[in-house]
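Working notes for the structure below.
Number of protein chains: 2
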Amino acid sequence: MADAIDQDRTVADLGEFGLIGRINEVVTATAPGTDVLVGPGDDAAVLRVRKGHVVVSTDVMVEGRHFRRDWAEAVDVGHRAAAQNLSDINAMGGRAQWLTVGLAAPADLPAQWALDFTRGFAEECATVGAGLVGGDISRADQVMISVTVLGACIVSPVLRTGAVPGDVLALCGRQGWAAGGLAVLGRGFRSPRVLVEAYRRPEPPYDAGPGAAEAGATAMIDVSDGLLAEARHLAEGSGVTIDVETAAFDVPEPLVAVGQALGADPMQFILGGGEDHSLLATFPGGVALPEGWVRIGTVGARGELPVTVDGGAYEGPTGWTHF
Amino acid sequence: MADAIDQDRTVADLGEFGLIGRINEVVTATAPGTDVLVGPGDDAAVLRVRKGHVVVSTDVMVEGRHFRRDWAEAVDVGHRAAAQNLSDINAMGGRAQWLTVGLAAPADLPAQWALDFTRGFAEECATVGAGLVGGDISRADQVMISVTVLGACIVSPVLRTGAVPGDVLALCGRQGWAAGGLAVLGRGFRSPRVLVEAYRRPEPPYDAGPGAAEAGATAMIDVSDGLLAEARHLAEGSGVTIDVETAAFDVPEPLVAVGQALGADPMQFILGGGEDHSLLATFPGGVALPEGWVRIGTVGARGELPVTVDGGAYEGPTGWTHF
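Chains as they are written, first to last, in full-length UniProt numbering: chain A, 1 to 323; chain B, 1 to 323.
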């Protein structure tokens with residue numbers, strides 16, 4: 001394998017330029033990207049833009065906050081870091097094309113970790129035809145990963161601000177699975193494996209964003225911090241009230257099992273969980289939802305609360321904040 | 001002032017969304033950028049691209065490695081973080097247009113620090129007409145800043161790979177000043193003030209990159225890690241040898257003074273120093289150098305050493321590496 005190196009070597013052993021060279025080898029072998037006029041290795045990358053615009057987003061992941069090296073393999077952290085950023089372009093109704101990574105790491109980080117991370121990252125990018133085109137590395141006390149993704153929309157971007165009363169609220173993709181997996185890991189368990197895997201490697205519905213845009217979605221967001229928290233962003237951005245109907249959800253069996261094992265209502269994972277990077281969108285009332293989308297609520301005129309559940313206030317946790 | 005807040009409040013006191021809201025206020029008041037179709041606040045920004053391409057680069061700065069909060073005010077760290085990234089676009093012969101910032105910080109970071117940083121960052125961007133269009137914040141043990149900059153080239157990008165024997169090597173901008181300032185700060189001094197200021201707020205020659213591209217520069221790089229280290233990148237990228245002539249430099253008086261005070265050869269600051277973000281480029285032998293550029297050496301056929309100084313090997317430090 002191109003990226004297998006001595007397990008004892010650290011990033012400090014390889015040195016800055018040695019590490020960058022190995023990372024570039026992994027990227028070139030996995031997902032070099034298309035329309036790359038100048039790739040990694042110069043002061044900047046140069047990318048051909050065919051649509052007259054770029055869509056750009058930046059996300060930060062910090063060791064101990066967003067991932068733990070003992071809870072996920074480096075290759076999984078790579079998949080997740082890419083997925084969370086690719087999902088931001090998806091949520092605009094766009095397709096991701098290029099990514100850059102700023103990586104800060106302790107000197108004693110195994111070099112293999114950095115290469116496995118890169119491989120997972122590049123593999124996830126390759127699933128949508130995107131490529132890693134640049135980045136920077138530095139020493140730090142803990143691993144920090146800052147990813148910037150660039151892409152383009154097929155039709156007009158779908159913002160958070162366009163929902164109007166009478167729209168329906170719809171969801172696409174798994175929801176609550178990653179939160180269930182995280183809860184399991186937090187208690188020291190490793191099963192149900194399907195949930196732990198969902199946390200380690202989310203599977204965002206990458207085709208659903210452009211599809212929703214073409215179908216006329218009025219507002220859209222990806223669920224990274226929690227379903228109700230994201231619904232609130234849509235409601236406040238659009239100046240409406242959103243009601244989520246719990247009866248619309250089929251609670252999947254693994255979440256039922258985890259709820260029983262941990263003594264928790266499995267709906268909490270669905271309503272408060274993030275990191276599956278499902279998509280939440282509003283569509284005009286008369287529109288047939290595209291394949292994969294499920295109606296989960298309604299949009300009404302602005303009221304006392306931005307978000308209600310089954311018509312009333314919700315008392316449980318609605319999502320995650322970073323400070 | 002829009003960004004003055006209670007000095008005792010921390011980023012944790014403001015909370016993630018409170019802090020983002022205040023940061024957006026500072027950005028909007030300072031440097032919102034142009035051709036921004038969708039600005040901060042959605043899943044991604046949308047930017048109008050007029051040249052059919054984008055130039056993109058990412059740089060990481062870590063507290064304790066790239067800056068110390070007791071050595072520079074937050075506003076200066078902001079200027080420097082922006083300058084180092086704007087300079088990467090300059091080094092391609094391009095002009096920067098948009099930036100995103102990934103910021104990780106301890107919960108007890110004063111919120112005012114984050115806002116002052118943002119103000120300095122946005123002010124530096126405004127000097128070239130660029131704007132901050134997005135980003136992300138997270139909690140971490142130390143301050144980490146990852147910046148991505150996007151821009152466009154006026155003519156073809158100038159790479160590191162185009163130097164040929166017979167070219168002349170030229171420099172534009174202050175060189176060695178920031179290294180002198182850093183040496184002073186490292187010894188616990190605060191003067192010569194002009195050098196300390198040069199370290200705190202580099203002044204890259206932002207017009208010189210596009211000017212060099214139009215004048216036919218064959219290769220170019222910005223000096224962020226050290227003059228000889230960057231010369232080596234050019235030489236290795238182009239498959240040539242570069243000779244730097246020390247007689248070409250006028251050693252500025254403040255560097256002479258620091259050299260005497262610290263018992264160091266001031267040429268060491270010039271040859272090994274980075275972070276002024278001067279530009280180093282090669283031009284065909286017959287070309288009249290654009291204003292501000294100074295001839296400092298020659299390009300020859302590939303030899304035993306990629307870089308020589310006055311025709312021979314150089315024994316001093318040539319630059320900085322991160323691991």
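Where is the CB? At the ideal position from N, CA and C, for every residue including glycine.
Cβ separation of residue i and residue j, assumed to be a contact under 8 angstroms, to the nearest whole Å
{"i": "A/Gly297", "j": "A/Glu245", "result": "5 angstroms"}
{"i": "A/Phe17", "j": "A/Gly78", "result": "So it is not a contact: roughly 21 angstroms between Cβ atoms."}
{"i": "A/Leu279", "j": "A/Ala212", "result": "7 angstroms"}
{"i": "B/Pro157", "j": "B/Val55", "result": "7 angstroms"}
{"i": "B/Gly93", "j": "B/Gly209", "result": "5 angstroms"}
{"i": "A/Pro254", "j": "A/Leu171", "result": "Actually they are not in contact, since the Cβ atoms of A/Pro254 and A/Leu171 sit about 18 angstroms apart, beyond 8 angstroms."}
{"i": "B/Arg200", "j": "B/Asp76", "result": "4 angstroms"}
{"i": "residue 352 of chain B", "j": "B/Arg95", "result": "The requested residue 352 of chain B does not occur in the structure, where chain B is confined to residues 1 to 323."}
{"i": "A/Ile242", "j": "A/Val299", "result": "6 angstroms"}
{"i": "B/Arg50", "j": "B/Leu37", "result": "So it is not a contact: roughly 12 angstroms between Cβ atoms."}
{"i": "B/Gly176", "j": "B/Phe269", "result": "4 angstroms"}
{"i": "B/Ala111", "j": "B/Asp13", "result": "7 angstroms"}
{"i": "A/Ala31", "j": "A/Ala130", "result": "7 angstroms"}
Counterpart residues of residue i in DSSP-defined beta bridges
{"i": "A/Ser57", "result": "A/Val149"}
{"i": "A/Val36", "result": "A/Leu47"}
{"i": "B/Cys125", "result": "Per DSSP, none; premise fails for B/Cys125."}
{"i": "B/Glu63", "result": "B/Phe67"}
{"i": "A/Ala281", "result": "A/Ala170, A/Met220"}
{"i": "B/Gly114", "result": "A quick correction: the sequence has Ala, not Gly, at residue 114 of chain B. According to DSSP, which records beta bridges pairwise, B/Ala114 is partnered with nothing at all."}
{"i": "A/Leu132", "result": "A/Leu99"}
{"i": "A/Thr298", "result": "A/Val168, A/Asp243"}
{"i": "A/Met144", "result": "A/Val62, A/Ala104"}
{"i": "A/Arg139", "result": "A/Ala105"}
{"i": "B/Gly272", "result": "DSSP, once it has assigned bridges, lists no residue as partnering B/Gly272."}
{"i": "B/Trp293", "result": "B/Cys172"}
{"i": "B/Val309", "result": "B/Val244, B/Gly312"}
{"i": "B/Thr10", "result": "B/Pro110"}
{"i": "B/Gly303", "result": "Paired residue(s): none; B/Gly303 is not in a bridge."}
{"i": "A/Gly94", "result": "A/Cys153"}
Residue i and residue j closer than 8 angstroms at C-beta
{"i": "B/Glu25", "j": "B/Ala83", "result": "no"}
{"i": "A/Leu19", "j": "A/Ala114", "result": "yes"}
{"i": "B/Leu86", "j": "B/Val133", "result": "no"}
{"i": "A/Ser138", "j": "B/Val62", "result": "yes"}
{"i": "B/Asp70", "j": "A/Asp43", "result": "no"}
{"i": "B/Pro202", "j": "B/Asp276", "result": "yes"}
{"i": "A/Pro266", "j": "A/Val251", "result": "yes"}
{"i": "A/Thr318", "j": "A/Ala163", "result": "no"}
{"i": "B/Phe117", "j": "B/Ala178", "result": "no"}
{"i": "A/Ala219", "j": "A/Val307", "result": "no"}
{"i": "B/Gly239", "j": "B/Gly274", "result": "no"}
{"i": "B/Gly102", "j": "A/Gly180", "result": "no"}
{"i": "A/Arg295", "j": "A/Ala247", "result": "no"}
{"i": "B/Arg142", "j": "B/Gly15", "result": "Reading off the sequence, residue 142 of chain B comes out as Gln, not Arg. Contact flag unset, no."}
{"i": "B/Gln97", "j": "B/Asp35", "result": "yes"}
is_contact[residue i, chain C] using C-beta, thresh 8 angstroms
{"i": "B/Asp207", "result": "Any reference to chain C falls outside this structure, whose protein chains are A and B."}
Best match in the options for proximity to residue i [C-alpha to C-alpha]
{"i": "B/Thr127", "options": "B/Ala140, B/Arg80, B/Val101, B/Val143", "result": "B/Arg80"}
{"i": "B/Pro165", "options": "B/Arg9, B/Arg302, B/Gly311", "result": "B/Arg302"}
{"i": "residue 332 of chain A", "options": "A/Pro40, A/Asp59, A/Pro306", "result": "Nothing about residue 332 of chain A can be read from this structure; chain A reaches only from 1 to 323."}
{"i": "B/Asp88", "options": "B/Cys153, B/Ala31, B/Asp141", "result": "B/Cys153"}
{"i": "A/Arg190", "options": "A/Gln97, A/Ala72, A/Val309, A/Leu289", "result": "A/Ala72"}
{"i": "B/Asp108", "options": "B/Arg9, B/Ala31, B/Phe249, B/Ser224", "result": "B/Arg9"}
{"i": "B/Ala229", "options": "B/Gly285, B/Gly64, B/Glu315, B/Arg295", "result": "B/Glu315"}
{"i": "B/Asp207", "options": "B/Ala91, B/Gln268, B/Ile23, B/Gly64", "result": "B/Ala91"}
{"i": "B/Ala29", "options": "B/Arg119, B/Val46, B/Val101, B/His53", "result": "B/Arg119"}
{"i": "A/Pro284", "options": "A/Gly135, A/His53, A/Ala217, A/Ser57", "result": "A/Ala217"}
{"i": "B/Gly41", "options": "A/Gly41, A/Gly39, A/Ser57, A/Pro40", "result": "A/Ser57"}
{"i": "B/Leu289", "options": "B/Gly272, B/Leu271, B/Val168, B/Ser224", "result": "B/Val168"}
{"i": "B/Ser224", "options": "B/Gly237, B/Arg22, B/Gly272", "result": "B/Gly272"}
{"i": "B/Leu234", "options": "B/Thr161, B/Gly188, B/Glu304", "result": "B/Thr161"}
{"i": "B/Pro106", "options": "B/Val11, B/Gly39, B/Gly312, B/His53", "result": "B/Val11"}
Practice task
Evaluate contact between the region 179 to 198 of chain B and the region 247 to 263 of chain B, counting only Cβ atoms and requiring at least three cross-stretch pairs below 8 angstroms.
Solution key: yes
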